[in-house]
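Asks: The structure is given below, and queries will be raised subsequently.
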Ligand code: ING
Ligand code: ZN
């Protein structure tokens, strides 16, 4: 029996185990950690998040999510690892990380993750009903260039953006959640895999750089250097559309347009394509350490600026 209360990051966990771990932390560390539900998936699973509080009034906010795409299993593992460092290993944290309020949503797409886990490993989308069967790409469902480049209006497609902007319950819950925090929001990171990229908005089209692009690139480059120093891995830094491909309707583009957050990134974790989405379990721990390394750098910048 695997002890879900003490994740070792040697195995990929179920949605239930990840959510149980958040509840466990909230009951063991009630001064620091509280669990909330921002809404429900189309199959009525809770969109559970954990708030890790600085204890300071009007602290700047850092929102982290993962698992918007079902098959990118290492991303929820990374979010879980970050949560563990912020709560259990709090004594080791630098001042910047103690001074921010973190909100972490480790499973943005719990229905899809479970479907990938149990039925179809390479499932990407959520599980909402459509004319083809199931699934919209939540990372195409936001209203920034909706239905444009990198999307496909065929509901069978893996990049089907949904029937209209914000049609998906996961998108709606997330938007409301961000809207409630937006006055203090300073940083947002959404974890995906794979490719080893630190991506900067906008992604909806070519030649469209977000406000603060240069500052985001500066800090992203420091994060990539910190990862290189940690374990030698290379993460490329640049604009989503130019470095990867244009894709409209992403969560990062929406956060950057709808809030005053300065530091907004999509981070594509390991690997560079050898295993792709099916990253072997032995690589979970080194990968999630890279994720936390990037978060420390971005949090330090967010705290200062
Ligand atoms: N990559 C992202 C995708 O949704 C991306 C890249 C980031 C697109 C930000 C748009 C905005 O296609 C993966 N691997 O999902
Ligand atoms: Zn993805």
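Residue numbers (the working numbering): 24 to 328.
Just so you know, even glycine gets a beta-carbon here, dropped at the ideal spot from N, CA and C.
These figures come from a predicted structure and were not determined experimentally.
Using beta-carbon positions only, say whether residue 314 and residue 104 come within less than 8 Å of one another.
Replies: yes
Asks: Which runs of the beta strand (DSSP E) fall wholly inside the stretch 123 to 169 and span at least 3 residues, in chain order?
Replies: DSSP runs (the beta strand (DSSP E)) wholly in the stretch 123 to 169: 124 to 128.
Asks: Note down the Cα distance separating residue 308 from residue 89, rounded to an integer number of angstroms.
Replies: Those two C-alpha atoms are separated by around 16 Å.
Asks: Mind checking whether residue 210 and residue 147 have CB atoms under 8 Å apart?
Replies: no
Asks: Fully enclosed by the stretch 178 to 260, which alpha helix (DSSP H) runs are 4 residues long or longer?
Replies: 192 to 204 and 236 to 254
Asks: Is residue 111 helix, strand or coil by DSSP?
Replies: Of the three classes helix, strand and coil, the one that applies to residue 111 here is coil, per DSSP.
Asks: My output table needs one value for residue 85: the three-state DSSP class, helix, strand or coil.
Replies: strand
Asks: May I have the straight-line CA-CA distance separating residue 24 from residue 55, to the nearest angstrom?
Replies: In this prediction, residue 24 scores a pLDDT of 42, lower than 50, which makes its location untrustworthy; no coordinate-derived value is stated.
Asks: Keeping to the same chain, check which residues put their C-beta closer than 8 Å to that of residue 191; ignore five residues upstream and five downstream.
Replies: Cβ neighbours of residue 191 beyond the five flanking positions: 65, 149, 151, 159, 161, 164 and 185.
Asks: For residue 60, which option in 40, 131 and 296 has the closest C-alpha, if you only look at C-alpha atoms?
Replies: It is 131 whose Cα lies nearest to the Cα of residue 60.
Asks: Is it buried or exposed for residue 291, if we count other Cβ within 10 angstroms and need 16 for buried?
Replies: buried
Asks: Could you tell me whether the stretch 211 to 220 touches the stretch 291 to 300, where touching means 3 or more Cβ pairs closer than 8 Å?
Replies: Output reads yes: the stretch 291 to 300 touches the stretch 211 to 220.
Asks: Is it a yes or a no for the stretch 169 to 179 touching the stretch 226 to 242, going by three-plus beta-carbon pairs under 8 Å?
Replies: yes
Asks: For residue 95 and residue 225, which I take to be in contact (beta-carbon distance under 8 Å), what is that distance rounded to the nearest angstrom?
Replies: About 21 Å separates the two Cβ atoms, so there is no contact after all.
Asks: For residue 326 and residue 108, I'd like the C-alpha separation in whole angstroms.
Replies: 18 Å
Asks: Roughly how many whole angstroms lie between the Cα atoms of residue 257 and residue 133?
Replies: 30 Å
Asks: Okay, do the stretch 199 to 208 and the stretch 232 to 248 touch, 3+ Cβ pairs below 8 Å being the bar?
Replies: No, because fewer than three Cβ pairs between the stretch 199 to 208 and the stretch 232 to 248 fall closer than 8 Å, the two stretches do not touch.
Asks: Would you kindly check if the distance between the Cβ of residue 239 and the Cβ of residue 286 is under 8 Å?
Replies: Going by C-beta atoms, residue 286 is nearer than 8 Å to residue 239.
Asks: With respect to the beta strand (DSSP E) encompassing residue 69, which residues constitute its N-terminal and C-terminal limits?
Replies: First-last of the beta strand (DSSP E) with residue 69: 69 to 75.
Asks: Between the Cα of residue 200 and those of 310, 43 and 126, spot the shortest distance and give me the residue it belongs to.
Replies: 126
Asks: Just how far apart, CA to CA, sit residue 30 and residue 319?
Replies: 21 Å
Asks: Is DSSP giving residue 307 helix, strand or coil here?
Replies: helix
Asks: Are residue 282 and residue 167 closer than 8 Å when you measure CB to CB?
Replies: no
Asks: List the endpoints of the continuous beta strand (DSSP E) containing residue 56.
Replies: 56 to 63
Asks: Assuming residue 317 contacts residue 250 under a Cβ cut-off of 8 Å, what Cβ separation, rounded to an integer in Å, is found between them?
Replies: With a Cβ gap of about 6 Å, residue 317 and residue 250 count as contacting.
Asks: Considering only C-alpha positions, which residue in the set 140, 264 and 117 is nearest to residue 16?
Replies: The shown model of the chain, from 24 to 328, leaves out residue 16, and the question about it has no answer.
Asks: Quick one: Cα of residue 259 to Cα of residue 278, how far?
Replies: 22 Å
Asks: Taking 7 Å as the cut-off, is the C-beta of residue 273 nearer than that to any heavy atom in the ligand ING?
Replies: Yes, since a heavy atom of the ligand ING falls inside the 7 Å radius drawn around the Cβ of residue 273.
Asks: From what residue to what residue does the beta strand (DSSP E) around residue 288 run?
Replies: 286 to 292
Asks: Spatial neighbours of residue 110 within its chain, please: CB distance less than 7 Å, with the 5 preceding and 5 following residues excluded, ordered by chain position.
Replies: Around residue 110: 48, 52, 55, 56 and 75.
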